[in-house]
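Asks: Okay, here's the structure, questions in a sec.
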Ligand SMILES: Nc1nc2c(ncn2[C@@H]2O[C@H](COP(=O)(O)OP(=O)(O)OP(=O)(O)O)[C@@H](O)[C@H]2O)c(=O)[nH]1
Ligand SMILES: [Mg+2]
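In this note's numbering, the protein residues as written are 8 to 655.
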């Protein structure tokens with residue numbers, strides 16, 4: 008038996024959920040066809056998804072397609088739930104990028120394409136909604152070939168596109184397509200140049216090979232809601248994407264990509280196994296990536312379910328290359344590795360740029376914290392801080408839709424009627440020159456931890472790096488690990504109150520004491536050294552920027568330029584054509600939060616505005632915001648030491 012674990016990715020409303028439903032139906036795996044508009048599909052099974060007609064979490068179903076089992080993971084398309092997509096990417100053998108023939112390439116389509124190319128995942132494109140009046144499938148294909156890759160090659164064609172009578176038929180690969188394939192295959196090119204005719208089989212073989220090597224991308228036209236192109240699509244998945252064998256035995260190696268909480272079953276971890284098997288009652292080692300050495304602990308499996316939409320079947324076993332829901336892993340988190348630690352590539356599609364305070368759970372703080380901790384196990388990007396003194400809970404979020412969904416979840420799942428403060432922007436901070444931080448924690452005895460750190464600035468977007476330049480003879484390995492862990496933790500709140508990034512910290516000296524060092528002394532001393540190094544290195548604010556793409560009536564160009572300047576933005580030369588102006592601008596998130604509403608009213612709803620996270624850039628202190636320290640400042644040294652020693 009062969010398996011393909013396949014992700015369906017697209018911008019919001021492109022038709023992912025509809026396509027999965029149709030595939031289930033066409034393959035005979037579903038008796039009655041559901042629809043998003045009626046709210047009865049297999050993969051949008053949460054009440055909120057059915058009510059609102061959008062997917063909020065990823066959901067998977069299995070399709071028996073003859074000799075291949077296709078596990079399809081339907082992902083949410085709204086940018087606010089990009090984290091859910093990121094996590095799914097880690098467990099796929101192939102991907103389908105759905106593009107709507109009516110709306111064309113959207114910012115989210117671009118982000119997803121970039122992510123797919125970065126992790127080198129074989130990809131098919133499904134060009135959906137070819138029935139929509141006024142759609143131009145050929146123009147969207149041309150745009151895809153221009154923006155994404157010239158080796159996007161249609162394997163079928165539409166008849167009567169743009170009408171309810173649309174149908175698709177198989178076709179040979181075009182001359183242009185063959186030429187593109189030849190670009191990547193010199194043997195094929197040679198044969199073609201010598202005027203030998205290439206057989207359809209040879210061309211197909213080349214396309215299969217190049218798809219699997221991520222050099223070519225087959226494209227299928229269809230209209231999922233009209234049941235058009237579904238069989239061609241299923242055939243393309245089987246023909247072009249790589250499948251994996253079912254591995255019935257061996258030591259397990261896998262990844263947890265999704266966590267759910269069920270009232271009856273407790274925590275449920277969705278696992279993709281790459282190798283080996285797991286069974287009921289197995290004890291399994293879980294590894295958590297962290298700075299320093301991976302954390303490790305053992306858990307016992309209580310149940311294993313095969314999942315299809317909302318349905319679960321108790322199978323008691325998961326085999327290599329399968330995906331299943333595993334119960335009993337009480338401490339598991341998304342991103343944990345199962346069986347053994349291995350190198351995992353993390354992809355960031357989007358990041359939470361806002362934070363909000365949660366109100367309204369007076370007297371129910373314990374329940375609120377429990378709820379937030381469960382929700383953040385499910386979505387690690389939504390981390391939270393609880394300030395016990397101010398009794399204030401702050402979470403990080405992607406955007407407004409996520410806040411609405413969270414509000415619903417708090418009420419529905421936990422009976423908590425909460426409200427949120429307006430979102431405020433998450434800044435970061437970095438340093439502008441080399442800084443040194445030394446802490447000698449040798450009094451009051453018993454204690455002994457000396458830590459000397461060096462902080463160096465790195466280019467924008469590099470993130471955080473750590474190096475240890477001292478060996479065993481200077482400081483024992485155990486303590487060097489403590490320093491590394493504590494540095495990463497301390498950098499979450501720099502001197503301006505924000506996460507410190509784009510810098511490198513090097514441990515350049517240290518000392519422990521054979522008798523006096525208490526096992527946790529380095530956790531106490533390191534944050535002080537970190538803060539001193541940051542202070543010495545002259546911290547500055549970084550603010551998040553977005554790239555806006557604006558298209559509006561030509562007569563509005565002056566107004567748009569005025570708006571961008573007012574938002575402290577930079578813009579490229581506006582391009583005028585056909586009575587429209589098209590412009591790209593980079594603007595601070597803080598200044599542009601409400602711009603979507605203003606733009607819609609300025610253009611009377613006839614303009615289009617796309618925004619995409621661009622990165623962080625230096626920002627003068629007076630234009631940004633510093634954040635209050637959420638706990639005791641390590642540079643308030645006496646208080647910090649007392650606090651850390653548990654005396655406060
Ligand atoms: N005309 C037309 N409408 C379609 C087609 N496919 C889907 N739709 C409609 O488009 C809307 C969105 O479809 P979904 O399947 O929910 O899209 P999605 O990509 O899963 O959306 P999210 O999960 O919210 O990102 C629904 O109203 C569908 O009925 C199609 O081929 N033609
Ligand atoms: Mg959906």
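Quick reminder that beta carbons are idealized off the backbone N, C-alpha and C, glycines included.
Straight-line CA distance for residue 597 to residue 181?
Replies: The alpha-carbon atoms of residue 597 and residue 181 are separated by roughly 48 Å.
Asks: Look up residue 400 in the DSSP assignment and give the residues it is bridged to.
Replies: Looking at the DSSP assignment, residue 400 forms a beta bridge with 365 and 393.
Asks: Residues in its own chain within less than 7 Å of residue 469 by CB, not counting five upstream and five downstream?
Replies: So the qualifying residues of the chain are 509.
Asks: With DSSP run on the structure shown, which of helix, strand or coil describes residue 155?
Replies: Of the three classes helix, strand and coil, the one that applies to residue 155 here is coil, per DSSP.
Asks: In chain order, what are the residue ranges of uninterrupted alpha helix (DSSP H) at least 4 long that sit wholly in the region 422–507?
Replies: Taking only runs of at least 4 residues, the alpha helix (DSSP H) segments lying wholly in the region 422–507 are 484–497.
Asks: Can you have a look at residue 115 and say buried or exposed, based on whether 16 or more other CB atoms are within 10 angstroms of its CB?
Replies: Label assigned to residue 115: buried.
Asks: Leaving out five residues on either side along the sequence, give the residues of the same chain with a beta carbon under 7 Å from the beta carbon of residue 230.
Replies: Cβ within range, chain order: 135, 136, 137, 138, 173 and 236.
Asks: Which runs of the alpha helix (DSSP H), 4 residues or longer, sit entirely within the region 146–231?
Replies: Whole alpha helix (DSSP H) segments, 4+ residues: 182–190, 193–200 and 207–219.
Asks: On the premise that residue 533 lies in contact with residue 507, defined as a C-beta separation below 8 Å, what is that separation, rounded to the nearest angstrom?
Replies: Wrong, their Cβ atoms sit about 14 Å apart, outside the cutoff.
Asks: Run through DSSP, which three-state label would residue 405 get?
Replies: Note: residue 405 maps to coil in three-state DSSP.
Asks: What is the rounded straight-line gap between the Cα of residue 131 and the Cα of residue 225?
Replies: Each residue's alpha carbon lies about 5 Å from the other.
Asks: Examine ligand 1 and report whether any of its heavy atoms sits within less than 7 Å of the Cβ of residue 43.
Replies: Under cutoff, so the answer is yes.
Asks: Taking a cut-off of 5 Å, which residues have a beta-carbon closer than that to any heavy atom of ligand 2, in chain order?
Replies: Qualifying residues, in the order they occur: 23, 24 and 62.
Asks: Using only CA atoms, which one of 467, 73, 647 and 639 lies nearest to residue 241?
Replies: Selected option, being the one with the closest Cα: 73.
Asks: So, is residue 604 buried or exposed, given that buried needs 16 or more other C-beta atoms within 10 angstroms?
Replies: Burial call: exposed.
Asks: Would the C-beta of residue 163 count as close to ligand 1, meaning under 7 Å from any of its heavy atoms?
Replies: Checking the Cβ of residue 163 against ligand 1 gives no.
Asks: Taking 7 Å as the cut-off, is the C-beta of residue 268 nearer than that to any heavy atom in ligand 1?
Replies: Residue 268: no, Cβ never under 7 Å from ligand 1.
Asks: Which complete beta strand (DSSP E) runs does the region 90–123 hold, if anything under 3 residues is left out?
Replies: Taking only runs of at least 3 residues, the beta strand (DSSP E) segments lying wholly in the region 90–123 are 101–107.
Asks: Assuming the contact rule is C-beta atoms closer than 8 Å, residue 313 and residue 331 should be a hit. Round their C-beta distance to whole Å, please.
Replies: Contact flag correct, Cβ pair sits at about 6 Å.
Asks: In terms of residue numbering, what span does the beta strand (DSSP E) encompassing residue 551 cover?
Replies: Element bounds for residue 551: 546–560.
Asks: Once the 5 residues before and after residue 340 are set aside, which same chain residues still bring their CB inside 6 Å of it?
Replies: Closer than 6 Å at Cβ, skipping near neighbours: 384.
Asks: Got a sec? Which residues, its chain only, sit under 7 Å from residue 279 by beta carbon, not counting five neighbours each side?
Replies: Closer than 7 Å at the Cβ level, and outside the excluded window around residue 279, lie 12, 98, 261, 262, 264 and 330.
Asks: Determine the DSSP secondary structure at residue 57, reduced to helix, strand or coil.
Replies: Residue 57: helix per DSSP, three-state reduction.
Asks: Sorry if obvious, but does the Cβ on residue 20 come closer than 7 Å to a heavy atom of ligand 4?
Replies: The model depicted lacks ligand 4 and carries ligand 1 and ligand 2 instead.
Asks: Check whether the region 373–390 touches the region 12–24, counting contact only when three or more Cβ pairs, one atom from each stretch, lie closer than 8 Å.
Replies: Not touching, per the Cβ criterion.
Asks: Output needed for residue 147: all residues of its chain with C-beta closer than 7 Å, excluding positions within five of it in sequence on either side, in chain order.
Replies: Excluding residues within five positions, the ones whose Cβ falls inside 7 Å are 106, 108, 111 and 134.
Asks: From the DSSP output, in three-state form, read off residue 7 for me.
Replies: Residue coverage of the chain in this structure runs from 8 to 655, which leaves residue 7 outside it and unanswerable.
Asks: Short check: CB of residue 333 to CB of residue 254, under 8 Å?
Replies: For residue 333 and residue 254, no; Cβs fall outside 8 Å.
Asks: Can you grab the Cα-Cα spacing for the pair residue 104 / residue 248, in whole Å?
Replies: If you take the alpha carbons of residue 104 and residue 248, they lie about 13 Å apart.
Asks: Could you name the residues of the same chain whose beta carbon sits closer than 7 Å to that of residue 7, not counting the 5 residues immediately before and after it, in chain order?
Replies: With the chain represented from 8 up to 655, any question about residue 7 goes unanswered, as that position is not in the structure.
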